[in-house]
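J.: Residue numbers (the numbering used here): 2 to 157.
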Ligand code: PNS
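Written as structure tokens, this is what we have:
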């Protein structure tokens, strides 16, 4: 059984993330969506909320589980016997960052492969950072985030 890790800040989880994990769930037997505890970016939701929202959004995906993690991603992957790391890839601008990160993870954990899932066309522009900015300026993100996230935003 191939276990894959889908890591990220998921602050908040967007329809783009959900699309990637849905498509990846057809490729791997088991996926652990790993939500990084210590987000270096400005936080919209704390770790408990980000994990709860990721769980709510993936409830229908039976081979996906959600866990928080801290420290090195590769150590978390080793601990869970994961040999694949899933990352979504959007525009060309993602490439350099993703390339460096995948190479570093390869050096640290050669047995794991990073697998990139290309973003669906309608989500190529979508990022958590942009969603956060629109939220901060009180814009409408209802078409960009899954229903549980929208509900959590409205409750804030
Ligand atoms: O959603 P993001 O912010 O692009 O996700 C980045 C993430 C969480 C995957 C990355 O920052 C990460 O792996 N952090 C854990 C610490 C680590 O392993 N750093 C070295 C990566 S080469």
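Where a beta carbon is used, it is the ideal one built from N, C-alpha and C, also for glycine.
Every value quoted in this text rests on a predicted model; they were computed, and no experiment measured them.
For the region 85-100 against the region 116-135, do three or more pairs of beta-carbon atoms, one drawn from each stretch, fall closer than 8 Å, so that the two count as touching?
T.: Touching, yes.
J.: In chain order, what residues of the same chain lie with their CB nearer than 8 Å to the CB of residue 26, ignoring the 5 residues before and after it?
T.: Cβ neighbours of residue 26 beyond the five flanking positions: 32, 62, 64 and 65.
J.: Let's see if you can read the secondary structure: which residues bound the beta strand (DSSP E) around residue 2?
T.: That residue, residue 2, is in no beta strand (DSSP E); it is neither H nor E in DSSP.
J.: Check whether the region 130-150 and the region 35-55 touch, using three or more Cβ-Cβ pairs below 8 Å as the test.
T.: Short answer: they touch.
J.: Between the C-alpha atoms of residue 56 and residue 17, what's the straight-line distance to the nearest angstrom?
T.: Whole-angstrom Cα-Cα distance: 16 Å.
J.: If we require 4 or more residues per run, which alpha helix (DSSP H) segments fall completely within the region 18-77?
T.: List check, alpha helix (DSSP H) in window: 48-58.
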